[in-house]
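Here's the structure, in structure tokens; my notes come after.
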Ligand SMILES: NC(=O)c1ccc[n+]([C@@H]2O[C@H](COP(=O)([O-])OP(=O)(O)OC[C@H]3O[C@@H](n4cnc5c(N)ncnc54)[C@H](OP(=O)(O)O)[C@@H]3O)[C@@H](O)[C@H]2O)c1
């Protein structure tokens with residue numbers, strides 16, 4: 103049952119806090135699905151704590167939904183309902199728009215309309231900000247409003263706040279993490295139950311961990327949206343989603359999950375943003391791909407639909423953040439944190455506020471570019487099917503001759519192999535440029551010892 107947070111506010115706040123200056127923050131919300139309904143529920147349930155922290159009430163005044171009957175089932179009768187998103191975006195009684203509908207086309211128009219009408223915006227829509235963020239943040243600067251998006255990255259984990267506020271003293275060296283719950287659930291199933299990708303995906307869909315159309319998740323696009331936003335905050339660069347290198351997990355074989363295990367690693371879909379200032383490259387590695395992580399590494403222990411992000415700062419060292427990777431109330435936790443930030447900032451000058459991307463616009467390095475795939479430096483795992491186990495030496499020698507720094511070479515255990523498959527040489531390399539590995543893998547296909555397609559995956563140590 104919805105109770106107006108504002109009605110009880112006078113009793114909650116100290117006398118000095120009540121009064122005209124403390125009028126409630128008025129919210130208009132577009133979309134009342136998983137995130138929208140979660141936000142409404144948590145706002146109503148925790149109104150006392152939220153108002154006490156914000157110093158004023160947060161009142162939902164209008165909600166836009168396609169089905170008004172369904173929306174009324176969630177919000178009751180105390181909130182105005184409409185079918186017209188633009189009406190919410192430009193509503194005269196709304197201070198802040200919560201965009202909780204998703205998508206990139208219409209959502210861009212609603213958000214820009216709200217900004218031009220002088221409204222702050224809160225959204226958990228990473229696709230929107232990764233695609234149109236530069237335009238949206240520029241418009242927000244021009245109109246002196248906030249665009250807050252904690253819920254867009256790693257749901258309830260306050261990673262945007264950590265980067266923009268808690269870690270401001272640091273030169274960030276890298277940010278990396280498991281930032282898509284669906285793929286982490288699938289990879290955990292593949293490892294724990296020895297099932298293939300297709301079966302693990304079907305289980306994820308049956309249990310509601312994957313959408314009917316899981317493309318954004320399994321192709322790594324959702325994780326790329328998120329790591330792009332984190333990179334902008336970490337390094338003071340524009341949002342450069344179009345330049346990110348993105349590989350999903352659809353081609354990942356159960357055999358490689360088992361072989362990684364044999365070598366003491368687990369495979370995770372990682373988003374990685376790494377600032378490079380070495381002699382070979384000046385820029386940012388921005389990539390999403392499956393990677394081997396040492397089995398003892400904290401990230402390897404992040405299972406099921408959970409998320410975790412690690413940040414390496416030059417002063418802080420490595421810090422790690424862990425939490426749910428999906429969920430209505432989990433995302434609401436972040437959305438409402440953003441609303442409280444907005445409630446607190448009204449009356450401040452825009453220049454005094456936390457900048458949208460962590461750095462003030464004048465300090466954003468427009469020239470800081472994403473490095474091309476060829477320039478990325480990591481260790482690698484190679485699995486090379488061979489005609490005979492004796493050819494292990496020949497494969498290692500051939501790779502070394504191609505400038506691939508071979509670290510460890512071994513044969514896959516027979517018990518890891520599906521029936522009927524031939525011997526497999528497993529190679530772990532030292533750090534090497536992707537260009538060298540790509541050329542070697544391509545050329546290796548023609549080697550007489552090689553009996554099938556060579557698999558190459560990156561290895562991330564993510565150490566301090
Ligand atoms: N779910 C999560 O765990 C999660 C976590 C982090 C971020 N997010 C992000 O949060 C956003 C919302 O996700 P969600 O999971 O809440 O999606 P959802 O459950 O599908 O809810 C979206 C709601 O928006 C409504 N909607 C869409 N277009 C509309 C329009 N033109 N007019 C009125 N209503 C409209 C939909 O109505 P219909 O039902 O009628 O289509 C639906 O109720 C997305 O950007 C998503 O990426 C979600």
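Residue numbers (our numbering): 103 to 566.
Where a beta carbon is used, it is the ideal one built from N, C-alpha and C, also for glycine.
Original post:
Is there contact here, the segment 399-407 with the segment 274-285, by at least three beta-carbon pairs under 8 Å?
Top reply: Enough Cβ pairs lie closer than 8 Å, so yes.
**OP:** Could you tell me if the beta carbon of residue 185 falls within a distance shorter than 8 Å of some heavy atom in ligand 1?
**Re:** Counted from its first residue, the chain shown places residue 185 at position 83. Checking every heavy atom of ligand 1 against the Cβ of residue 185, one is found closer than 8 Å.
Original post:
With a cut-off of 8 Å, do at least 3 Cβ pairs link the segment 158-176 to the segment 123-132?
Top reply: Touching, per the Cβ criterion.
Original post:
Which whole-angstrom value is the C-beta distance of residue 385 and residue 566, which I expect to be below 8 Å?
Top reply: Within the chain shown, numbered from 1, the residue matching residue 385 stands at position 283. Within the chain shown, numbered from 1, the residue matching residue 566 stands at position 464. Distance from residue 385 to residue 566 at the Cβ level is roughly 23 Å; contact not present, criterion being Cβ atoms closer than 8 Å.
**OP:** Compute the distance between the beta-carbons of residue 280 and residue 371, then report whether it is under 9 Å.
**Re:** What you label residue 280 is simply residue 178 of the chain shown in a count that begins at 1. What you label residue 371 is simply residue 269 of the chain shown in a count that begins at 1. A contact, by the Cβ cut-off of 9 Å.
Subject >> Option in 189, 222, 200 and 205 with minimal Cα separation from residue 452 >> reply: Here the question's residue 452 lines up with position 350 in the chain shown. Selected option, being the one with the closest Cα: 222.
**OP:** Have a look at residue 464 and residue 457 and give me their C-alpha separation to the nearest angstrom.
**Re:** Here residue 464 corresponds to residue number 362 of the chain shown, with the count starting at 1. Here residue 457 corresponds to residue number 355 of the chain shown, with the count starting at 1. Taking the straight line joining both Cα atoms gives about 11 Å.
**OP:** Quick one: residues in its chain with C-beta nearer than 7 Å to the C-beta of residue 340, no 5 flanking neighbours on either side, listed in chain order?
**Re:** By one-based count along the chain shown, residue 340 stands at place 238. Around residue 340: 236, 334, 466 and 468.
Original post:
Beta carbon of residue 332: closer than 8 Å to some heavy atom of ligand 1?
Top reply: As a working note, residue 332 is residue 230 in the chain shown. In this structure, residue 332 has its beta carbon at no less than 8 Å from each heavy atom of ligand 1.
Original post:
In or out: residue 126 buried (at least 16 other Cβ within 10 Å) or exposed?
Top reply: Taking the chain shown and counting its residues from 1, one reaches residue 126 at position 24. Residue 126 should be labelled buried.
Subject >> residue 257, DSSP secondary structure in three states >> reply: Your numbering for residue 257 matches position 155 in the chain shown. If DSSP states are grouped into helix, strand and coil, residue 257 belongs with coil.
Subject >> residue 554 beta carbon less than 9 Å from that of residue 522 >> reply: Residue 522 sits at position 420 when you count from the first residue of the chain shown. Residue 554 sits at position 452 when you count from the first residue of the chain shown. Contact: no.
Subject >> Under the three-state DSSP convention, the category residue 539 falls into >> reply: Residue mapping note: residue 539 aligns to position 437 of the chain shown, counting from 1. Here residue 539 sits in helix by DSSP.
Subject >> Closer than 8 Å: residue 297 CB and nearest ligand 1 heavy atom >> reply: Taking the chain shown and counting its residues from 1, the one referred to as residue 297 is at position 195. No - ligand 1 has no heavy atom lying nearer than 8 Å to the Cβ of residue 297.
Subject >> Simplified DSSP assignment, three categories, for residue 370 >> reply: Locating residue 370 in the chain shown gives position 268, where the first residue counts as 1. It is a strand residue.
Subject >> DSSP state of residue 103 mapped onto helix, strand, coil >> reply: Along the chain shown, one-based indexing puts residue 103 at 1. In this prediction, residue 103 has a pLDDT of 41, which is less than 50 and means its spatial position is unreliable; what the coordinates show is noted afterwards. Here residue 103 sits in coil by DSSP.
Original post:
Beta carbon of residue 415, beta carbon of residue 275: below 9 Å?
Top reply: In the chain shown, residue 415 corresponds to position 313, counting from 1. In the chain shown, residue 275 corresponds to position 173, counting from 1. It is a contact, given that the beta carbons lie within the stated cut-off.
**OP:** Closer than 6 Å by C-beta to residue 247: which residues in its own chain qualify, once you throw out the five before and the five after it? Chain order, please.
**Re:** Taking the chain shown and counting its residues from 1, one reaches residue 247 at position 145. So the qualifying residues of the chain are 217 and 222.
Original post:
Alpha carbon to alpha carbon, how far is residue 391 from residue 439?
Top reply: As a first step, residue 391 must be located in the chain shown, where it is residue number 289. As a first step, residue 439 must be located in the chain shown, where it is residue number 337. Each residue's alpha carbon lies about 30 Å from the other.
**OP:** Quick one: residues in its chain with C-beta nearer than 6 Å to the C-beta of residue 110, no 5 flanking neighbours on either side, listed in chain order?
**Re:** The residue labelled residue 110 in the question sits at position 8 within the chain shown. Annotation note: pLDDT 44 at residue 110 (below 50); position unreliable, no value reported.
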